[in-house]
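In my numbering, each residue carries its 1-based index in the sequence shown increased by 50. The beta-carbon is built from N, C-alpha and C at its ideal position, and this holds for glycine as well. Quick caveat, the model's predicted, so the values are computed rather than measured. Input: a single structure, listed below in structure tokens.
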Amino acid sequence: MGGVDASAGFAYQHAQAVHRLLDLAELHDGDYLRVEAANDVVDVEIFATDDRLVHAAQYKIRDRRYTWGEAELVDELARWSALAVACPDAQYEFVTDGRLGPTGRKVQAALEAVRAGQNTALAELAQSRQASLDPVQCARAWIVADTPGFDQLLANAIDRVIALLPTVSGQLEAEERGTQLVHELLRIVVQRSGDLDPEARVITKTELNVLLSSRSEYVASESWSTDLKNEFIQALRQETPEGVELRCEATGTGAQVGDSPSNRACSLADIIGAALIPLLSGPSGSGKSTVIRRAQIIAARHQKIVIVVDAEAYIPKRLGSLVAQAINTSRFLGAYSTTGLSALRDPEVTVIIDGVSEIPPEERSALKNELRQLLASDARASLVLAGRDSTILQSMLPRHSPTHPMMVERLCRAQRLEILSTASHGALSPDIERQITARVEHALKGAADNPQLFAVGAALIASGYKFNNPASMYRQHVHSRAQDCGYSNITVLEVGLGVAFAALADSGRRYCDSFEWTEQLNSAVRALRDDGHDITTSDLREFGFESGFVHRSGGDLVRAVHDSFADYFAAVAHARGVARIPRKLKSRDTARVRFLIELAGLTRSLSIQISSDLPFLIPEAAEREDLQPEEAWYETTKAILSNVWPSATEAPCVAFWNAADSCFVTVNGNSSGWLGECTYSEVATDAYTFEAANGPLSVAARIWRHKLHIELDRARQGTASVPRTHEETVTALENFSDALASASHKLTREIAPPGQTEVLAGAVGPCRIEFALDSNRDAADQRNRGVLFRYVNDQDHSHSAVQEMELNPDGTWTGQGCVDSFLDEDPSRRASTMTIQSVNRLTNRIWL
Numbered sequence: 051m052g053g054v055d056a057s058a059g060f061a062y063q064h065a066q067a068v069h070r071l072l073d074l075a076e077l078h079d080g081d082y083l084r085v086e087a088a089n090d091v092v093d094v095e096i097f098a099t100d101d102r103l104v105h106a107a108q109y110k111i112r113d114r115r116y117t118w119g120e121a122e123l124v125d126e127l128a129r130w131s132a133l134a135v136a137c138p139d140a141q142y143e144f145v146t147d148g149r150l151g152p153t154g155r156k157v158q159a160a161l162e163a164v165r166a167g168q169n170t171a172l173a174e175l176a177q178s179r180q181a182s183l184d185p186v187q188c189a190r191a192w193i194v195a196d197t198p199g200f201d202q203l204l205a206n207a208i209d210r211v212i213a214l215l216p217t218v219s220g221q222l223e224a225e226e227r228g229t230q231l232v233h234e235l236l237r238i239v240v241q242r243s244g245d246l247d248p249e250a251r252v253i254t255k256t257e258l259n260v261l262l263s264s265r266s267e268y269v270a271s272e273s274w275s276t277d278l279k280n281e282f283i284q285a286l287r288q289e290t291p292e293g294v295e296l297r298c299e300a301t302g303t304g305a306q307v308g309d310s311p312s313n314r315a316c317s318l319a320d321i322i323g324a325a326l327i328p329l330l331s332g333p334s335g336s337g338k339s340t341v342i343r344r345a346q347i348i349a350a351r352h353q354k355i356v357i358v359v360d361a362e363a364y365i366p367k368r369l370g371s372l373v374a375q376a377i378n379t380s381r382f383l384g385a386y387s388t389t390g391l392s393a394l395r396d397p398e399v400t401v402i403i404d405g406v407s408e409i410p411p412e413e414r415s416a417l418k419n420e421l422r423q424l425l426a427s428d429a430r431a432s433l434v435l436a437g438r439d440s441t442i443l444q445s446m447l448p449r450h451s452p453t454h455p456m457m458v459e460r461l462c463r464a465q466r467l468e469i470l471s472t473a474s475h476g477a478l479s480p481d482i483e484r485q486i487t488a489r490v491e492h493a494l495k496g497a498a499d500n501p502q503l504f505a506v507g508a509a510l511i512a513s514g515y516k517f518n519n520p521a522s523m524y525r526q527h528v529h530s531r532a533q534d535c536g537y538s539n540i541t542v543l544e545v546g547l548g549v550a551f552a553a554l555a556d557s558g559r560r561y562c563d564s565f566e567w568t569e570q571l572n573s574a575v576r577a578l579r580d581d582g583h584d585i586t587t588s589d590l591r592e593f594g595f596e597s598g599f600v601h602r603s604g605g606d607l608v609r610a611v612h613d614s615f616a617d618y619f620a621a622v623a624h625a626r627g628v629a630r631i632p633r634k635l636k637s638r639d640t641a642r643v644r645f646l647i648e649l650a651g652l653t654r655s656l657s658i659q660i661s662s663d664l665p666f667l668i669p670e671a672a673e674r675e676d677l678q679p680e681e682a683w684y685e686t687t688k689a690i691l692s693n694v695w696p697s698a699t700e701a702p703c704v705a706f707w708n709a710a711d712s713c714f715v716t717v718n719g720n721s722s723g724w725l726g727e728c729t730y731s732e733v734a735t736d737a738y739t740f741e742a743a744n745g746p747l748s749v750a751a752r753i754w755r756h757k758l759h760i761e762l763d764r765a766r767q768g769t770a771s772v773p774r775t776h777e778e779t780v781t782a783l784e785n786f787s788d789a790l791a792s793a794s795h796k797l798t799r800e801i802a803p804p805g806q807t808e809v810l811a812g813a814v815g816p817c818r819i820e821f822a823l824d825s826n827r828d829a830a831d832q833r834n835r836g837v838l839f840r841y842v843n844d845q846d847h848s849h850s851a852v853q854e855m856e857l858n859p860d861g862t863w864t865g866q867g868c869v870d871s872f873l874d875e876d877p878s879r880r881a882s883t884m885t886i887q888s889v890n891r892l893t894n895r896i897w898l
């Protein structure tokens with residue numbers, strides 16, 4: 051090897067040694083590493099605490115013009131075979147950045163065959179090369195080719211170190227310390243590899259942990275052992291689930307058809323650990339966190355490990371640290387980053403990540419990368435994702451991932467009564483409980499289905515307060531709490547908090563660290579002083595913390611006591627004109643826009659912005675209109691319709707006209723504009739006509755809904771003929787799957803407002819079906835054959851559409867029925883039903 055080649059080879063060996071040193075941090079029984087073994091076979095050795103050799107590796111580079119062949123690889127294996135007899139617990143790797151040639155791949159295949167119990171290929175290689183290859187020893191040998199070069203190895207090492215750091219305050223510190231530590235590890239490896247004394251070429255796990263810990267104190271991390279698992283479970287078993295039991299129901303295509311157990315409401319605890327990945331979505335206050343916490347405690351009572359992590363505490367590339375923080379939540383158990391990484395690789399563990407869609411896009415992208423690496427692992431924990439936005443939850447996973455989209459079921463009257471009884475500790479009589487519940491239901495209407503809103507409303511009514519919508523209810527609650535704490539300038543204080551929370555919401559968060567919170571309060575004070583108010587940053591900070599509306603949680607996160615309060619405070623600041631509504635509204639802004647409408651009503655500009663950015667909020671927002679018809683309605687209606695009308699079709703021609711002291715609207719009639727006094731025959735002919743009422747948003751909503759009804763009720767394709775053979779049955783099911791996917795995608799494109807195709811498609815969910823058909827191929831009546839099914843993404847072609855049912859099918863099949871249920875239904879009719887249900891979920895009401 052020449053001078054340049056030798057230098058490159060040493061650099062590659064040293065970079066690989068840094069990675070093996072990081073492996074040492076994650077090995078339960080790993081104790082120390084030696085660079086440059088005493089023999090000339092191994093470059094890096096890893097030893098256990100009892101001095102057993104457990105891992106050995108040889109690292110070689112190769113010019114890209116050349117490949118590794120049979121002769122060289124067999125020689126390396128022969129050297130290992132002779133050495134391995136003395137170390138029966140060790141695994142050996144020959145690692146190279148080069149490629150394997152045809153004969154090199156033959157050697158690699160022979161090793162795989164040996165591990166499968168077939169020694170013939172290895173024996174032939176040994177005979178042809180006149181080499182001694184012991185199959186027992188070679189079964190513990192691997193050839194790893196095409197690995198990254200020096201630069202990429204160091205970059206990957208930095209990412210690994212960042213994940214292992216016990217404590218960091220943020221991403222910038224993590225990246226800086228990660229880079230410094232990798233350089234320090236590389237320096238140590240290079241320095242010790244040149245020492246003549248084998249004992250001086252050792253690096254211990256303790257040395258590594260000291261380097262990874264803070265500069266001032268060594269942090270001893272507990273391993274993810276059986277004892278630690280039991281401690282974690284015992285800590286949870288001592289807790290009692292709070293509140294009423296809320297169940298979950300399937301959403302999207304999983305809830306559409308078939309006699310499927312997943313279609314019925316179930317406890318989240320019942321499906322944890324299944325092959326499917328549950329995706330729990332729903333608005334703020336719907337009970338997601340309550341359901342998750344109850345599932346964790348119930349799982350612990352059955353000796354199952356569920357770790358619940360808060361996505362808002364996530365620092366990029368430090369998922370292990372986030373899991374460790376969650377392990378220490380109920381009781382500090384000494385878990386740090388390495389513990390969390392080990393838990394993520396434990397198939398007995400379920401990790402629930404809450405608030406996934408509530409973190410900014412940058413952090414979400416980093417988390418997405420870590421989750422995809424996790425899902426690609428052979429041994430890993432089960433996963434559950436939770437957050438407000440179902441589309442974002444789905445986007446965090448590879449497209450082929452089997453998922454179970456679900457949401458917390460709406461409260462029924464019995465559950466509301468149970469919430470009230472629990473909150474009052476049984477102090478109220480059943481009659482009073484029913485009266486309070488009815489009054490909350492009347493005031494909040496559909497919002498009474500939200501456990502958080504109902505609980506706050508019930509407490510206020512029980513205390514003698516009155517309100518007529520969620521915003522007025524929150525206002526009463528905030529002012530009541532503030533008065534109890536002795537505050538007088540409550541309106542100014544809540545606007546100040548609102549300015550801070552509005553700024554955070556604009557950045558995609560409802561949380562920050564203490565330093566940023568102070569900066570946000572400083573900005574709020576400047577805005578209030580410009581508005582003529584005498585207030586200080588200390589006033590706002592004290593009000594937030596003392597009233598309990600703001601609190602500091604683990605990891606120095608400052609946040610509202612509940613996300614809904616952050617949205618309310620932000621809406622107050624918008625309503626008072628102290629904070630501006632963002633120019634582009636996103637789905638995460640829906641809650642604060644709802645509060646704003648309830649506090650300040652609908653303006654023309656807000657109506658148009660909602661139609662452009664949050665069109666599925668239109669039906670709900672329109673219910674807040676209470677205006678008298680005027681000429682300006684025409685232009686506003688026209689602008690709204692242009693925002694919601696599908697791009698492929700021209701927006702309708704709309705005419706407002708007066709007759710018999712009423713105002714009417716005609717769509718696609720003889721004229722357009724504000725026409726004044728007219729007769730039906732002059733304007734309408736046979737066109738769609740109705741009386742204009744409430745406001746332009748209401749008018750536009752009615753026209754849009756009429757359009758959707760037309761598109762969703764077009765001519766049907768018809769049902770399939772009765773199959774007579776197994777082959778015809780397979781073809782019929784394949785055709786149904788293809789037709790359903792095609793019809794669903796076509797409908798989504800045809801009816802989605804501009805820019806909302808992905809949102810609607812996400813609500814519909816995967817719409818191609820895979821089937822598992824029972825094995826009775828020769829059944830006389832093919833229609834009665836049993837079938838399992840599941841919905842998959844249209845782009846997933848890794849499986850055939852129809853498979854044969856296994857004796858013990860896995861848990862990824864979400865529905866069951868018979869062939870006839872798919873033959874009797876028109877796929878376009880089902881696509882229409884799925885789309886209607888999805889639009890209704892997006893609008894949060896039965897609108898279509």
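For this session: Tell me where the beta strand (DSSP E) around T739 begins and ends.
Result: For the purposes of this step, residue 739 is taken as residue 689 along the sequence shown, with counting starting at 1. Counting along the chain, the beta strand (DSSP E) containing T739 begins and ends at Y738 to E741.
Exercise. Taking the alpha carbon of S697 as the point to measure from, which residue in A285, N280, E681 and T798 has its own alpha carbon closest?
Worked result: If you number the sequence shown from 1, residue 697 lands on position 647. Measuring from the Cα of S697, the nearest candidate turns out to be T798.
Exercise. In angstroms, rounded to a whole number, what distance separates the CA positions of I482 and D584?
Worked result: Residue numbering aside, residue 482 sits at position 432 when the sequence shown is read from its first letter. Residue numbering aside, residue 584 sits at position 534 when the sequence shown is read from its first letter. C-alpha separation (whole angstroms): 44 Å.
Exercise. If you follow the alpha helix (DSSP H) that D201 is part of, which residue opens it and which one closes it?
Worked result: What you label residue 201 is simply residue 151 of the sequence shown in a count that begins at 1. Here the alpha helix (DSSP H) through D201 covers F200 to L214.
Problem set entry | Buried or exposed by the 16-neighbour rule on C-beta atoms within 10 Å, applied to H527 | Locating residue 527 in the sequence shown gives position 477, where the first residue counts as 1. That one is buried.
Exercise. By Cβ distance below 6 Å, which residues in the same chain neighbour W707 in space, the five residues on each side in sequence not counted?
Worked result: Translated into the one-based positions of the sequence shown, residue 707 becomes position 657. Here the set comprises F714, L725, C728 and V733.
For this session: Output yes or no for whether 7 Å exceeds the beta carbon distance between I109 and D93.
Result: As a working mapping, residue 109 is identified with position 59 in the sequence shown. As a working mapping, residue 93 is identified with position 43 in the sequence shown. The sequence shown places Tyr at residue 109, not Ile. It is a contact, given that the beta carbons lie within the stated cut-off.
Exercise. Is V401 buried or exposed, if buried means 16 or more other CB atoms sit within 10 Å of its CB?
Worked result: In the sequence shown, counting from the first residue as 1, residue 401 sits at position 351. Classification for V401: buried.
For this session: Check the C-beta distance from R609 over to R560 and give it rounded, since I have them as a contact under 8 Å.
Result: Here residue 609 is taken as the residue at index 559 of the sequence shown, counted from 1. Here residue 560 is taken as the residue at index 510 of the sequence shown, counted from 1. 6 Å between Cβ atoms; contact.
Problem set entry | Cross-strand partners of A791 (DSSP beta bridge) | Taking the sequence shown and counting its residues from 1, the one referred to as residue 791 is at position 741. According to DSSP, A791 bridges with nothing at all.
Problem set entry | W130: first and last residue of the uninterrupted beta strand (DSSP E) it sits in | In the sequence shown, counting from the first residue as 1, residue 130 sits at position 80. That residue, W130, is in no beta strand (DSSP E); its alpha helix (DSSP H) goes E120 to A134.
Problem set entry | Through-space distance from V869 to N858, alpha-carbon basis | Working through the sequence shown from its first residue, we reach residue 858 at position 808. Working through the sequence shown from its first residue, we reach residue 869 at position 819. Cα-Cα distance, rounded: 20 Å.
Problem set entry | Sub-7 Å separation of P803 and V694 beta-carbons | The sequence position of residue 803 within the sequence shown is 753, counting from 1. The sequence position of residue 694 within the sequence shown is 644, counting from 1. For P803 and V694, yes; Cβs fall inside 7 Å.
Problem set entry | Cβ separation of A553 and Q570, assumed to be a contact under 8 Å, to the nearest whole Å | Residue 553 sits at position 503 when you count from the first residue of the sequence shown. Residue 570 sits at position 520 when you count from the first residue of the sequence shown. At roughly 6 Å, the Cβ-Cβ gap stays under 8 Å, so A553 and Q570 are in contact.
Problem set entry | beta strand (DSSP E) segment containing I111, residue limits | As a first step, residue 111 must be located in the sequence shown, where it is residue number 61. Careful: I111 lies outside any beta strand (DSSP E) and carries neither H nor E.
For this session: Report yes or no: do three or more beta-carbon pairs, one from the region 456-467 and one from the region 419-431, lie closer than 8 Å?
Result: no
Exercise. Using the rule of at least 16 other Cβ atoms within 10 Å of the residue's Cβ for burial, across every protein chain shown, is G536 buried or exposed?
Worked result: The residue you call residue 536 lines up with position 486 of the sequence shown. G536 is exposed by the Cβ-count criterion.
Exercise. Under three-state DSSP, which class holds M446?
Worked result: The residue you call residue 446 lines up with position 396 of the sequence shown. If DSSP states are grouped into helix, strand and coil, M446 belongs with coil.
Exercise. Can you tell me the Cα-Cα spacing of N834 and D828, whole angstroms?
Worked result: The residue given as residue 834 occupies position 784 in the sequence shown. The residue given as residue 828 occupies position 778 in the sequence shown. If I take the Cα positions, the gap works out to 12 Å.
Exercise. Hey, P669 and R895 are a contact pair by Cβ (cut 8 Å); roughly how many whole angstroms apart?
Worked result: On the sequence shown, residue 669 is found 619 positions in, with the first residue counted as 1. On the sequence shown, residue 895 is found 845 positions in, with the first residue counted as 1. Indeed, because the Cβ distance is near 6 Å, the residues count as touching under 8 Å.
Problem set entry | Within 7 Å, strictly: CB atoms of V239 and V85 | As a first step, residue 239 is located in the sequence shown; it is residue number 189 there, counting from the start. As a first step, residue 85 is located in the sequence shown; it is residue number 35 there, counting from the start. In this structure, V85 lies closer than 7 Å to V239 by Cβ.
For this session: Let me know if N826 comes out buried or exposed under the rule of 16 or more other beta-carbons within 10 Å of its beta-carbon.
Result: The sequence position of residue 826 within the sequence shown is 776, counting from 1. Exposed, since its Cβ has fewer than 16 Cβ neighbours within 10 Å.
For this session: Decide yes or no for the touch test of the region 119-136 against the region 149-157: beta carbon pairs closer than 8 Å, at least 3 of them.
Result: yes
For this session: With DSSP as the reference, label I540 as helix, strand or coil.
Result: Position 490 of the sequence shown, counted from the start, is the residue given in the question as residue 540. Of the three classes helix, strand and coil, the one that applies to I540 here is helix, per DSSP.
Exercise. First and last residue of the alpha helix (DSSP H) that includes V506?
Worked result: Counting from one through the sequence shown, the residue named residue 506 turns up at place 456. Its alpha helix (DSSP H) spans residues P501 to A512.
Problem set entry | Entirely enclosed alpha helix (DSSP H) segments - the region 322-392, minimum 4 residues | 338-351 and 369-377
Exercise. Near A750, which residues of its chain fall below 6 Å by C-beta distance, leaving aside the five closest residues on each side in sequence?
Worked result: Here the question's residue 750 lines up with position 700 in the sequence shown. Cβ within range, chain order: T687, I690 and L691.
Exercise. With distances taken from CA atoms, which of L783, V232 and S445 is nearest F872?
Worked result: Your numbering for residue 872 matches position 822 in the sequence shown. Nearest of L783, V232 and S445 to F872, Cα basis: L783.
Exercise. Does the region 132-149 come close enough to the region 191-203 to have 3 or more Cβ pairs within less than 8 Å?
Worked result: yes
Problem set entry | R114 classed as buried or exposed, judged by whether at least 16 other C-beta atoms fall within 10 angstroms | The residue you call residue 114 lines up with position 64 of the sequence shown. Burial call: exposed.
Exercise. Can you give the beta carbon distance from L417 to E76, rounded, assuming they're within the 8 Å contact cut?
Worked result: The residue labelled residue 417 in the question sits at position 367 within the sequence shown. The residue labelled residue 76 in the question sits at position 26 within the sequence shown. About 20 Å separates the two Cβ atoms, so there is no contact after all.
For this session: Kindly provide the ranges of any beta strand (DSSP E) runs that are 3 or more residues long and lie completely inside the region 240-294, ordered along the chain.
Result: 252-254
Problem set entry | Whole runs of the alpha helix (DSSP H) within the region 648-698, excluding any shorter than 4 residues | 654-663, 668-672 and 682-694
For this session: State yes or no: is the C-beta of V628 within less than 7 Å of the C-beta of V549?
Result: The count along the sequence shown starts at 1 and reaches residue 628 at position 578. The count along the sequence shown starts at 1 and reaches residue 549 at position 499. Contact: yes.
For this session: Let me know the secondary structure DSSP gives N834 once reduced to three states.
Result: Here the question's residue 834 lines up with position 784 in the sequence shown. Residue state, collapsed to three classes: helix.
For this session: Indicate the three-state DSSP secondary structure (helix, strand or coil) for F619 in the structure shown.
Result: Walking along the sequence shown from the start, residue 619 turns up at place 569. Note: F619 maps to helix in three-state DSSP.
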